[in-house]
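Heads up: the structure comes next, in structure tokens.
In this note's numbering, the protein residues as written are 7 to 78.
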């Protein structure tokens with residue numbers, strides 16, 4: 007569920023297909039900077055109904071998925 011939500015947000019942001027996004031995709035290769043990540047987290051908070059405070063560096067989609075799942 008978390009991966010699918012993140013992949014959908016990234017696909018919408020980058021105007022690409024969700025199938026292009028994997029757990030190993032790095033935010034750098036997807037063209038997502040730290041400001042984009044914050045915006046994405048805000049959207050995820052709305053979708054999940056839970057506040058997410060990112061207090062560590064995440065470099066891949068998988069890193070972010072695991073971080074969020076550990077806090078849900």
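Cβ atoms here follow ideal geometry from the backbone N, Cα and C, with glycine treated the same way. Bear in mind the structure is a predicted one, so any value in this text is a computation, not a measurement.
What are the residues that DSSP puts in a beta bridge with residue i?
i, result
"residue 32", "66"
Is the distance from the Cβ of residue i to the Cβ of residue j below 8 Å?
i, j, result
"residue 24", "residue 34", "no"
"residue 29", "residue 66", "yes"
"residue 41", "residue 20", "no"
"residue 12", "residue 70", "yes"
Could you tell me how far apart the beta carbons of residue i and residue j are, in whole angstroms, since I believe they sit closer than 8 Å?
i, j, result
"residue 47", "residue 60", "6 Å"
"residue 51", "residue 58", "5 Å"
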